[in-house]
Each structure stands twice: as C-alpha cells, then as structure tokens.
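In the UniProt record's numbering, the protein residues as written are 1 to 367. Quick reminder that beta carbons are idealized off the backbone N, C-alpha and C, glycines included. Note that the structure is predicted; figures quoted are calculated from it, not measured. Okay, structure first, notes after.
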C-alpha cells in the first residue's frame, strides 16, 4: 500500500521526480536511467505468483491478473508522449469510481492503471524530427539536437512508467508492445523497426554510443521483463489483437516462445485468425465471466476514439493524435461509447505540473 506523495529512492517524492522528468530539456543522466531501470526490474522479476503466475524457470510469467476490486484505467500506445502521462495522472473519472485525480487514487489504493506498451518512438507528430535525426545519424551524431529531443521524450516516458511500477507495484502494470526492442533485434518475437526512417537502428546506435553498459542493458532487461497479457474480471488486454488462440501455459512461458511474443504484439489488421479473440476470452475468463466481456488492444491506429473488430469483441483504441483511455466497468457490460474517453475532453487540472512550458514544448518539437 502506498501513502500519499510516494517517495522514490533517493528521497525525492514521486511528484517532484515526475516534475523534473517533464521539465528536463535533454535526455536523462545515464546513471539515473540505469538506476530507474534496475529498481523497476527488481519489482518486475519478483511479482507475486497470485498476480503473475511463474514460468518454468520460476520467473513471473507473461500473464498479469488485475485486482478485481479496483477501478481500472487502460492506456494504449504512448509513443514518447510525456504530455499524455501528465494529463492522465491529473484526471479523475467519477463515473467510473475514481473521484479524485488518478495519481491521488493510486497513492490511496483506489485505482489501477494498465499500459498496453509502445512507450517509445514518436509517431506522426515527430515525422519531421525523425527526418532531421536521420541526417544526424548519417553523420555519426556529431551534432544531434533532433535525436536528443526524441530520446528525451522516449527515455523520459520509460522513466515515468518505471517509477510508477516501482512506486505502486500491484496497481500499475505495463505490457510489452512491438516497439519494446531497444537493440533493434530480429528474433525472440521481435523485428527491427522503421516507419519514417530507420527509427529502430537509430535508437540502437544512439543508446550504444551515449548510454552504453548499464543503462542500455537496464532498458533491454526492463523490456524483456514485461508481461504480454492482462486479465481483468470481464476484460482481456494485450498490445495487439491475438494472432491466434494462445493457451495460458504458453503465454506464461513467453520467454521461451517467440511465437507468443510476436502473436500478441505484432498482429496487423485483418491478420488475426477467425475466432481467436473469442477463444482467448472464453479460455481466460471462466465461470460465466466471458458473457459480454471485451478484449482491449492498441497497436494499429484508429481514426476516432475506437474501432471494433472480431465481431465487436476486440476494441482497438489507439489514436496517436488524441489522449484516449479505456475504463472497463465492474458492474455492467462494456459500452465503448461510454467507456472509451478522450482525456483532453474530460481533464480537470490538479496539482501536477503542466507539461511542458512553452519553451520546453518548442525544444521538444524543434531541437
């Protein structure tokens, strides 16, 4: 149980540390990043078996069971949007049992949060910056203002997610997405990534040069420690739509099963097997809980607040231009018109810092 104004290792309150991350104008200190990752990994690698059943090696497995008594807020792909995290933690959801700012509710053990992965790599909003960063990459990063700006945001998001997990371990959970591949590896269910340029290769080269050793290894270990599938009372969630049905024992033992990793993080629209979502829901939500249950995911962008797939049972709600969350109810059927919301339309400002000030915003976009 966490008290108000949770203190992070080093004596700073979570709020003060969060404020500092939001306002920093450069990528984090390598030693600080390494420490944040180390502490988060220590939590991820020792999660209790009731919440995360162990794999064959005794490590926490790929399935995370959410606390059924707590209201749940689900956030899809973040993609380096620190402002999204700031907005999230300021917002209350009184119609869904969270009558105070979310960070207060987390501190008071009155809410839980689930992130669906893809913490790094700015999307369309960062396209021009990626093009400038590619030129910097091609010249050996001799000058790198665009790449520094990207990594300030991407690594900052990783720090905030890690600090939240460390501070509220049974109330904050992050799944792995297909972008959790800091070394740009091909294998173990991962593939090199490139959308506008060679984002995956550029980030890997940047990390090897400026964050070698413990910071890079810490991020890699953090990524490898994230689960793949979350189970709630009447909902499932993974980064992507399940490619096919994966039974519980396979997902738990994901570290030795690349097909599971790929199948829950990389599925494109129209590629999932017929009936895979329904089979997953029936398998993981027993005792009649599957009636009216939904499967939540992100990965592929949607044009509005959500899109329905798999005969309406899979709810896709990643819009990179909006701050979209899902709020699975505990006492009625999921209604996407009511339970998928845009934070920017409902947020009430509270005592967290605004992100960022105008000067910092210009730096993040243009440097």
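Just checking my contact of residue i with residue j at CB under 8 Å: how many whole Å lie between their CB atoms?
| i | j | result |
| --- | --- | --- |
| residue 28 | residue 159 | 6 Å |
| residue 73 | residue 111 | 7 Å |
| residue 313 | residue 284 | That pair is no contact at about 13 Å. |
| residue 32 | residue 80 | Their Cβ separation, rounded to whole angstroms, is 18 Å, which puts residue 32 and residue 80 out of contact at 8 Å. |
| residue 214 | residue 42 | Between residue 42 and residue 214 the Cβ distance is about 14 Å, and since that is not below 8 Å, they are no contact. |
| residue 24 | residue 152 | 7 Å |
| residue 162 | residue 222 | 7 Å |
| residue 270 | residue 244 | With 8 Å as the limit, residue 270 and residue 244 do not qualify as a contact, their Cβ atoms being about 14 Å apart. |
| residue 124 | residue 320 | 6 Å |
| residue 369 | residue 238 | This structure gives no information on residue 369, because the portion of the chain shown stretches from 1 to 367. |
Starting from residue i, trace the beta strand (DSSP E) both ways and give me its first and last residue.
| i | result |
| --- | --- |
| residue 307 | 307-309 |
| residue 198 | Element bounds for residue 198: n/a, residue is neither H nor E. |
| residue 323 | Where residue 323 is concerned, there is no enclosing beta strand (DSSP E), given that its DSSP letter is neither H nor E. |
| residue 344 | Not the beta strand (DSSP E): residue 344 falls in the alpha helix (DSSP H), residues 343-346. |
| residue 316 | 314-318 |
| residue 298 | 294-301 |
Would a C-beta distance cut-off of 8 Å place residue i and residue j closer than the cut-off?
| i | j | result |
| --- | --- | --- |
| residue 117 | residue 265 | yes |
| residue 242 | residue 63 | no |
| residue 317 | residue 305 | yes |
| residue 179 | residue 120 | yes |
| residue 231 | residue 37 | no |
| residue 297 | residue 240 | yes |
| residue 66 | residue 114 | yes |
| residue 102 | residue 88 | yes |
| residue 106 | residue 171 | yes |
| residue 255 | residue 55 | yes |
| residue 21 | residue 156 | yes |
| residue 315 | residue 336 | yes |
| residue 322 | residue 342 | yes |
| residue 177 | residue 257 | no |
| residue 292 | residue 234 | yes |
| residue 40 | residue 165 | yes |
| residue 182 | residue 207 | yes |
| residue 136 | residue 143 | yes |
| residue 261 | residue 189 | yes |
| residue 75 | residue 325 | yes |
Between which two residues does the alpha helix (DSSP H) containing residue i stretch?
| i | result |
| --- | --- |
| residue 338 | 336-339 |
| residue 21 | 14-23 |
Against chain D, does residue i count as a neighbour if the rule is that its beta carbon must be under 8 Å from one of theirs?
| i | result |
| --- | --- |
| residue 90 | Any reference to chain D falls outside this structure, which holds one protein chain only. |
Review point. Is there contact here, the segment 15-34 with the segment 194-203, by at least three beta-carbon pairs under 8 Å?
Key: no
Point to revise | Start-end ranges of the beta strand (DSSP E) lying completely within the segment 92-174, minimum 3 residues | key: 112-115, 172-174
Review point. Could you give the uninterrupted runs of the beta strand (DSSP E) lying entirely in the segment 220-285, keeping only those of 3 residues or more?
Key: 229-231, 235-237
Review point. Are the segment 248-265 and the segment 50-61 touching, with three or more C-beta to C-beta distances below 8 Å?
Key: yes
**Study point:** Segment contact flag, the segment 75-94 with the segment 277-285, C-beta cutoff 8 Å, min 3 pairs
**Key:** no
Exercise for review: Only counting runs of 4 or more residues, tell me where the alpha helix (DSSP H) segments fall wholly within the segment 31-104, in order along the chain.
Suggested key: 82-90
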